[in-house]
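One gets the working numbering by counting positions in the sequence shown from 1 and adding 1 to each. Positions of the beta carbon are idealized from the N, C-alpha and C atoms, including for glycine. As the structure is a computational prediction, the values presented were derived from the model and not from experiment. In what follows, a single structure is set out as structure tokens and then discussed.
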Amino acid sequence: MAAICPNCHLPEMITYVVNDDGLHPFPCLECNTGTVRCTPYGHLSGAAPCGTDGCQGSVRDDYQYDPKGRLSRLDRVRCRLCATDRTAALPAGSAPERALPGPRPPGSAIRSRPHG
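Right, dumping it as structure tokens:
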């Protein structure tokens, strides 16, 4: 599952797992902002453009924190204009390259050697 980042407002950049122990978000894939902890009873919100063609509205993710400052709820608020909860797709090439590491370690160059 993924949410809108409350810092850079890019959609689907905060990935998270929900299990019996609660919500477990990972840092934002773009800006590396963490949403695991905040001030007690804190509230963060991230908004992104609506995913419906021609709609000028937005979709919002609200992060709510418990008395100890731990993430307790993450709610998606639908677009007020068309009632969808889909966010607009990111333009091609805008996702960070660092989100998925390359198959080779940094600094390892492929050297061609003649066969034979």
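Nearest to TYR66 by alpha-carbon distance, out of HIS25, CYS32, THR16, CYS9, is HIS25.
Straight across, the Cα-Cα distance linking LEU11 with VAL19 is about 21 Å. Going by C-alpha positions, GLU31 is about 16 Å away from ALA89. If you compare the alpha carbons of THR16, TYR17, ALA84, PHE27 with that of VAL60, the shortest gap goes to ALA84.
When rounded, the separation of the alpha-carbon atoms in LEU82 and TYR42 is 29 Å. Within its own chain, the residues whose Cβ lies closer than 7 Å to the Cβ of GLY70, once the five positions on either side in sequence are excluded, are ARG38, CYS39, THR40, PRO41, GLY43, listed in chain order. Out of ASP63, ASN33, CYS56, the CA that lies nearest to the CA of CYS9 is found in ASN33.
Rounded to whole angstroms, the separation of the alpha carbons of GLY58 and PRO50 is 6 Å. By the neighbour-count criterion, in which 16 or more other beta carbons inside 10 Å mark a residue as buried, GLY55 falls on the exposed side.
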